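Chemist: As they're listed, the protein sequences go chains A and B. Counting from 1, one number per residue, gives the positions in the first sequence under our numbering. Counting from 1001, one number per residue, gives the positions in the second sequence under our numbering. Where a beta carbon is used, it is the ideal one built from N, C-alpha and C, also for glycine. If you're wondering where the values come from, they're calculated on a predicted model, not measured in any experiment. Mind looking over this structure? Questions follow.
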Amino acid sequence: AQSVTQLGSHVSVSEGALVLLRCNYSSSVPPYLFWYVQYPNQGLQLLLKYTSAATLVKGINGFEAEFKKSETSFHLTKPSAHMSDAAEYFCAVRMNSGNTPLVFGKGTRLSVIA
Amino acid sequence: DAGVTQSPTHLIKTRGQHVTLRCSPISGHKSVSWYQQVLGQGPQFIFQYYEKEERGRGNFPDRFSARQFPNYSSELNVNALLLGDSALYLCASSLAPSNEKLFFGSGTQLSVL
């Protein structure tokens, strides 16, 4: 069975500071990994995805994530936080073969302080 | 192009009632998935449909059912509502079930009183 664990339900950073949101996965087969963002009262928007190509994945809005098999991690980073980055972030995993659904983590709420 | 559209946006029901939620996928997308997001949690998979057939089902009771129509739109039905069914219900569409890119709608916020 696949699962993801997001470390920290709430992360607070100052504007301009580094954003680091942690995600560790568990999967019996090579996974596809995703980060989604959810703004208040909205659905989920795909930030980036890892599908077994380059291990460093660049996404929208300046975010990127690195797949580290040895650490079973897929942490999300952004060099400089903006106020508009304040949102809920979800890491998700699915198998890279067959027809399997996304399995989401519990989410990390990012607050950006001026 | 329009994104994934869901209706209604908000809904209030009482325990024991029945509810129907609707979803229209992005034009050209043939696969629709439903997720339940309880406050403070990540979305949890309920169903996936493709070409009007159920392709996957999550760990939800039989009170939950869904269907997909020839135009690829979908309905999620929940019978005998419980307080615990209060959640944001999200619909997502993709070109095909195996396609890794899902596009989510803004959801239907269901409150059961």
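So with Cβ pairs under 7 Å, would you call Tyr32/A a contact of chain B?
Modeler: As a first step, residue 32/A is located in the first sequence; it is residue number 32 there, counting from the start. Taking Cβ atoms only, chain B reaches closer than 7 Å to Tyr32/A, which makes this a yes.
Chemist: Note the first and the last residue of the continuous beta strand (DSSP E) segment covering Ile113/A.
Modeler: The sequence position of residue 113/A within the first sequence is 113, counting from 1. Ile113/A -> beta strand (DSSP E) spans 108-113.
Chemist: For a quick check, are the C-beta atoms of Val13/A and Val93/A less than 7 Å apart?
Modeler: Sequence index remark: in the first sequence, residue 13/A carries index 13 (1-based). Sequence index remark: in the first sequence, residue 93/A carries index 93 (1-based). No, the Cβ-Cβ distance between Val13/A and Val93/A is not below 7 Å.
Chemist: Could you give the distance in angstroms between the alpha-carbon of Gly1040/B and the alpha-carbon of Ala65/A?
Modeler: Numbered from its first residue, the second sequence carries residue 1040/B at position 40. Numbered from its first residue, the first sequence carries residue 65/A at position 65. Between Gly1040/B and Ala65/A, the C-alpha separation is close to 23 Å.
Chemist: Among Ser1027/B, Pro1008/B, Pro1025/B, which has the Cα closest to the Cα of Val1019/B?
Modeler: In the second sequence, counting from the first residue as 1, residue 1019/B sits at position 19. For the residues Ser1027/B, Pro1008/B, Pro1025/B, the minimum Cα distance to Val1019/B belongs to Pro1008/B.
Chemist: Find the residues of chain B that neighbour Thr55/A, judging by a C-beta separation of less than 9 Å, and give them in chain order.
Modeler: Your numbering for residue 55/A matches position 55 in the first sequence. Near Thr55/A there are no residues of chain B at all, since even the closest Cβ is about 17 Å away, more than 9 Å.
Chemist: Is it a yes or a no for the stretch 1076-1087 of chain B touching the stretch 1010-1019 of chain B, going by three-plus beta-carbon pairs under 8 Å?
Modeler: Taking 8 Å as the limit for Cβ pairs, the verdict is that the stretch 1010-1019 of chain B does touch the stretch 1076-1087 of chain B.
Chemist: Starting from Pro1043/B, find everything on chain A with Cβ-Cβ shorter than 8 Å and list it in chain order.
Modeler: Reading the second sequence from its first residue, position 43 is the one you call residue 1043/B. Chain A residues near Pro1043/B: Leu44, Phe90, Leu102, Phe104.
Chemist: I need the boundaries of the beta strand (DSSP E) containing Pro31/A, first residue and last residue.
Modeler: By 1-based counting over the first sequence, the position of residue 31/A is 31. Pro31/A -> beta strand (DSSP E) spans 31-38.
Chemist: If you draw a straight line from the alpha carbon of Leu20/A to that of Leu56/A, how long is it in whole angstroms?
Modeler: The residue you call residue 20/A lines up with position 20 of the first sequence. The residue you call residue 56/A lines up with position 56 of the first sequence. Using only the alpha carbons, I get a separation of about 15 Å.
Chemist: Looking only at C-alpha atoms, which of Gly1056/B, Ser1073/B, Lys1052/B sits nearest to Gln1006/B?
Modeler: Position 6 of the second sequence holds residue 1006/B. The candidate whose alpha carbon is nearest that of Gln1006/B is Ser1073/B.
Chemist: Are any of the Cβ atoms in chain A nearer than 7 Å to that of Gly1016/B?
Modeler: As a first step, residue 1016/B is located in the second sequence; it is residue number 16 there, counting from the start. No - not a single Cβ of chain A is within 7 Å of the one on Gly1016/B.
Chemist: Quick check on the burial criterion: 16 or more other C-beta atoms within 10 angstroms. Buried or exposed for Ser1106/B?
Modeler: In the second sequence, the residue the question calls residue 1106/B occupies position 106. So Ser1106/B ends up on the buried side.
Chemist: In angstroms with no decimal places, state the Cα-to-Cα distance between Leu1076/B and Ala17/A.
Modeler: Taking the second sequence and counting its residues from 1, one reaches residue 1076/B at position 76. Taking the first sequence and counting its residues from 1, one reaches residue 17/A at position 17. Each residue's alpha carbon lies about 42 Å from the other.
Chemist: Could you please tell me which residues of the stretch 47-78 of chain A, in chain order, have their CB closer than 8 Å to any CB of chain B?
Modeler: Against chain B - using a Cβ distance shorter than 8 Å - the residues of the stretch 47-78 of chain A are Lys49, Thr51.
Chemist: Taking 7 Å as the CB-CB cut-off, is Gly8/A touching chain E?
Modeler: Note that chain E does not occur in the displayed structure, where the protein chains are A and B.
Chemist: What is the C-beta distance between Phe1114/B and Gly1056/B, in whole angstroms, given that I count them as a contact (C-beta under 8 Å)?
Modeler: Look at the range of chain B in this structure, 1001 to 1113, and you will see that residue 1114/B is not part of it.
Chemist: Against chain B, does Gly107/A count as a neighbour if the rule is that its beta carbon must be under 7 Å from one of theirs?
Modeler: Here residue 107/A refers to the residue found at position 107 of the first sequence. Taking Cβ atoms only, chain B reaches closer than 7 Å to Gly107/A, which makes this a yes.
Chemist: Could you spell out the range, first to last residue, of the beta strand (DSSP E) harbouring Leu943/B?
Modeler: For chain B, the structure presents residues 1001 to 1113; residue 943/B sits outside this window and is missing.
Chemist: Scan the stretch 1089-1102 of chain B for residues whose Cβ lies nearer than 9 Å to a Cβ of chain A and list them as they occur along the chain.
Modeler: Within the stretch 1089-1102 of chain B, the residues whose Cβ lies closer than 9 Å to some Cβ of chain A are Leu1090, Cys1091, Ala1092, Ala1096, Pro1097, Ser1098, Glu1100, Lys1101, Leu1102, listed in chain order.
Chemist: What residues of chain A sit near Ala1024/B, judged by a beta carbon separation below 9 Å?
Modeler: As a first step, residue 1024/B must be located in the second sequence, where it is residue number 24. Looking at the sequence shown, residue 1024/B is not Ala but Ser. Correct list: empty, because the minimum Cβ distance to chain A is about 13 Å.
Chemist: Against chain A, with Cβ distances strictly below 7 Å, would Ser966/B count as a contact?
Modeler: As displayed, chain B neither begins before 1001 nor continues past 1113, which places residue 966/B out of reach and without an answer.
Chemist: Do we get a CB-CB distance below 7 Å when we pair Gly1056/B with the residues of chain A?
Modeler: Taking the first residue of the second sequence as position 1, residue 1056/B is located at position 56. Taking Cβ atoms only, chain A reaches closer than 7 Å to Gly1056/B, which makes this a yes.
Chemist: State the start and end residues of the unbroken beta strand (DSSP E) segment that holds Lys68/A.
Modeler: By one-based count along the first sequence, residue 68/A stands at place 68. It spans 64-68 - the beta strand (DSSP E) in which Lys68/A sits, taken as one unbroken run.
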